[in-house]
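Novice: Counting with the numbering used here, you get residues 8 to 82 for the letters of the sequence shown.
Okay, handing you the structure first.
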Amino acid sequence: MSETPDVSEHDMFVTEFPKKGFGIVDYLQGRVHFSIMDQMKLMYKSGMSQTQIKDTILASVSEIIDNFEPESKNP
8 MSETPDVSEH DMFVTEFPKK GFGIVDYLQG RVHFSIMDQM KLMYKSGMSQ TQIKDTILAS
68 VSEIIDNFEP ESKNP
């Protein structure tokens, strides 16, 4: 993104997932969950409908999965 970061806006929308007491799979899954929830909250406040939010997020997740190459050395 080419936007200049606004710390106050980030603080308003970014939820931190606790690190202690979770295995790596649960920790990563929790981070994804919180990230999607934060994205949905921002999209809603930006005026998007629930259907638009759902379509946008599902398209993004589908693209990530479709481009996943497990044999690749890149993360």
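C-beta atoms are modelled at their ideal positions from N, C-alpha and C, and glycine is treated no differently.
#1: Distance check for Asp73 and Ser53, CA to CA, integer angstroms please.
#2: Look at the alpha carbon of Gln59 and the alpha carbon of Lys48, and state the distance between them as a whole number of angstroms.
#3: Taking C-beta to C-beta, are Thr63 and Asp45 nearer than 8 angstroms?
#4: Look up Lys26 in the DSSP assignment and say whether it is helix, strand or coil.
#5: Take Val68 as the anchor and find which of Pro25, Ser42, Glu78 has the nearest alpha-carbon.
Specialist: According to the structure data:
#1: As a first step, residue 53 must be located in the sequence shown, where it is residue number 46. As a first step, residue 73 must be located in the sequence shown, where it is residue number 66. Taking the straight line joining both Cα atoms gives about 28 angstroms.
#2: Residue mapping note: residue 59 aligns to position 52 of the sequence shown, counting from 1. Residue mapping note: residue 48 aligns to position 41 of the sequence shown, counting from 1. One alpha carbon belongs to Gln59, the other to Lys48, and they sit about 13 angstroms apart.
#3: Counted from its first residue, the sequence shown places residue 63 at position 56. Counted from its first residue, the sequence shown places residue 45 at position 38. Cβ distance not < 8 angstroms, so Thr63 and Asp45 don't count as in contact.
#4: Sequence index remark: in the sequence shown, residue 26 carries index 19 (1-based). In the three-state DSSP reduction, Lys26 falls in the coil class, being neither helix nor strand.
#5: Residue numbering aside, residue 68 sits at position 61 when the sequence shown is read from its first letter. When each option's Cα is compared against that of Val68, the closest is Ser42.
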